[in-house]
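**Student:** Residues in the sequence shown are numbered consecutively from 4, following our numbering. Note that CB positions come from ideal geometry on N, CA and C, so glycine has one too. Keep in mind that this is a model prediction, so the values were computed, not measured. Encoded as structure tokens, here's the structure I'll be asking about.
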Amino acid sequence: MQKLRVMVVLGIAVAATSVHADTKAAPKAPTTSDKAAEQREKAIERRKMRFEFMKKEQDKRWSFEDDRIKEERDFADDIRKERREAERTRDQTIADATDVKAESEARKKFEESNKGIQKKSDDFRKSLEGKRKEYHDSAEKDRKEFLDSLNKK
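See the structure below:
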């Protein structure tokens with residue numbers, strides 16, 4: 004009886020060990036909760052990636068805006084100096100003029116100077132618009148590439 008009992012216990016132990024070995028060796032089929040957890044992890048990863056991308060884009064935009072503001076300020080200072088110099092030259096020429104013809108010439112030169120300044124200003128505005136367009140195109144391209152890479156994951 005004792006031997007039978009030992010044999011039964013050993014048989015159960017062997018059976019349990021082999022069942023445990025089979026479950027360990029066999030790949031575990033993903034359960035619904037595993038899939039949900041995996042999806043949550045992917046969503047968290049995507050959110051982090053999106054945040055990092057948006058942070059980089061924001062830094063680029065701020066840098067671009069700061070550079071643009073500095074350029075505009077510098078250009079405005081240059082234009083202001085040119086206008087003042089043109090006014091001084093006109094006023095000095097008018098003060099030194101002895102006849103109406105000289106005054107008229109000074110005013111014409113001043114108007115030509117203003118036209119030159121206006122042309123510079125127009126050219127500067129066009130270059131700024133070009134830079135803005137280039138920046139926006141670059142940002143759009145980066146955004147599309149990021150979304151494509153995000154969708155591939």
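Run the CB neighbour count on alanine 105, radius 10 Å, all protein chains shown included, and call it buried at 16 or more, exposed below.
**Tutor:** It is exposed - the Cβ of alanine 105 has fewer than 16 other Cβ atoms within 10 Å.
**Student:** Three or more C-beta pairs closer than 8 Å, one from the region 118-128 and one from the region 81-88: is that the case here?
**Tutor:** Contact holds: three or more Cβ-Cβ distances are below 8 Å.
**Student:** Can you name, in chain order, every residue of its own chain whose Cβ lies under 6 Å from the Cβ of phenylalanine 113, other than the five neighbours on each side?
**Tutor:** Within the same chain, phenylalanine 113 has close Cβ partners Ala89, Arg93.
**Student:** Would you mind reading off the limits of the alpha helix (DSSP H) that contains threonine 96?
**Tutor:** Per DSSP, threonine 96 belongs to the alpha helix (DSSP H) from 35-99.
**Student:** Would you say arginine 71 and leucine 131 are within 8 Å of each other, going by their C-beta atoms?
**Tutor:** Yes, the pair counts as a contact, with Cβ atoms nearer than the cut-off.
**Student:** Between the alpha carbons of aspartate 145 and lysine 59, how many angstroms are there, rounded?
**Tutor:** Looking at the two C-alpha atoms, the distance is approximately 11 Å.
**Student:** Compare the C-alpha of aspartate 62 against each of Lys155, Tyr138, Arg76 and name the closest.
**Tutor:** The residue with the shortest Cα to Cα distance from aspartate 62 is Tyr138.
**Student:** Buried or exposed: which applies to alanine 109, given that a residue is buried once 16 or more other Cβ atoms fall within 10 Å of its Cβ?
**Tutor:** Buried, by the Cβ-count rule.
**Student:** For the candidate residues Glu48, Phe127, Asp37, Phe67, whose alpha-carbon lies nearest to that of phenylalanine 78?
**Tutor:** Per the Cα distances, Phe127.
**Student:** Between which two residues does the alpha helix (DSSP H) carrying aspartate 102 extend?
**Tutor:** First-last for aspartate 102: undefined, no H or E at that position.
**Student:** Taking C-alpha atoms, which residue in Arg76, Arg49, Arg50 lies nearest to serine 124?
**Tutor:** Cα-wise, what sits closest to serine 124 is Arg76.
**Student:** By Cβ distance, which residues of its chain are closer than 6 Å to phenylalanine 56, with the 5 residues on each side in sequence left out?
**Tutor:** Excluding sequence neighbours, phenylalanine 56 sits near Phe149.
**Student:** Figure out for me which residue from Arg64, Thr96, Lys73 has the closest Cα to the Cα of serine 141.
**Tutor:** Of Arg64, Thr96, Lys73, the residue nearest in Cα terms is Arg64.
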